[in-house]
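Enquirer:
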Amino acid sequence: MRLHTENEQIEIEDIKVKCGIFQGDSLSPLLFSIYLIPLTAQLNRLKTGYGEHTTKTKISHLLYMDDLKLIAKSEEGFQKQIQSVRVFSDDIHMEFGLGNNCQDCI
3 MRLHTENEQI
13 EIEDIKVKCG
23 IFQGDSLSPL
33 LFSIYLIPLT
43 AQLNRLKTGY
53 GEHTTKTKIS
63 HLLYMDDLKL
73 IAKSEEGFQK
83 QIQSVRVFSD
93 DIHMEFGLGN
103 NCQDCI
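Counting in my numbering, the sequence shown tops out at residue 108, every number present.
1. For I14, which residues from the same chain have a beta carbon less than 6 angstroms from its beta carbon, with the 5 sequence-adjacent residues on both sides left out?
2. Span of the alpha helix (DSSP H) holding K82?
3. What whole-angstrom Cβ distance do G51 and K71 have, given they're in contact under 8 angstroms?
4. Which first and last residues belong to the alpha helix (DSSP H) in which L33 is found?
5. Please state the DSSP three-state secondary structure of Q25.
6. Taking contact to mean at least 3 C-beta pairs separated by less than 8 angstroms, is the region 20-35 in contact with the region 54-68?
7. Return the residue from the list I17, D69, H6 and L41 that minimises the CA-CA distance to Q1.
Rendered as C-alpha cells:
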C-alpha cells in the first residue's frame, strides 16, 4: 500500500482486514466520513458544485451517515464527479453503487 503526502510517498505492507464494522454500529458513520476525507478533497478540487452566493462556497457533495450525494451545476460536472468517485472507489476497493442508474438521478 502506498500513502501519499505533500512531500513524499510512503510504502507499507498491505493491511489485512478480517472483520469490518457492521452497518448500524455507532462507529459506522464516523469511520465512513473519515475514510472519505480524500474523496471530499478530490470532489472539492473539481469545482463542479453549486455556488452559494453569500459565502462563495461551492457545494459539490453531501455525506450523511453512510450515504454520498453528488451535486453538480451541469451534466459535464456531474460526469466528472461520477468519474472521480468511480476511480476512488476502484482505488480503495469500496463499492459505491455507481451502476447504470446514475443517470436516473438527473
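We put the beta carbon where it would ideally sit given N, CA and C, even for glycine.
Expert: Looking at the coordinates:
1. Translated into the one-based positions of the sequence shown, residue 14 becomes position 12. The residues are M3.
2. Taking the first residue of the sequence shown as 1, we reach residue 82 at position 80. It spans E77 to I94 - the alpha helix (DSSP H) in which K82 sits, taken as one unbroken run.
3. As a working mapping, residue 51 is identified with position 49 in the sequence shown. As a working mapping, residue 71 is identified with position 69 in the sequence shown. Actually they are not in contact, since the Cβ atoms of G51 and K71 sit about 11 angstroms apart, beyond 8 angstroms.
4. One-based indexing of the sequence shown puts residue 33 at position 31. Element bounds for L33: S30 to Y37.
5. The residue labelled residue 25 in the question sits at position 23 within the sequence shown. Three-state result, Q25: coil.
6. yes
7. Since the displayed the chain opens at 3 and closes at 108, residue 1 lies outside it and no answer follows.
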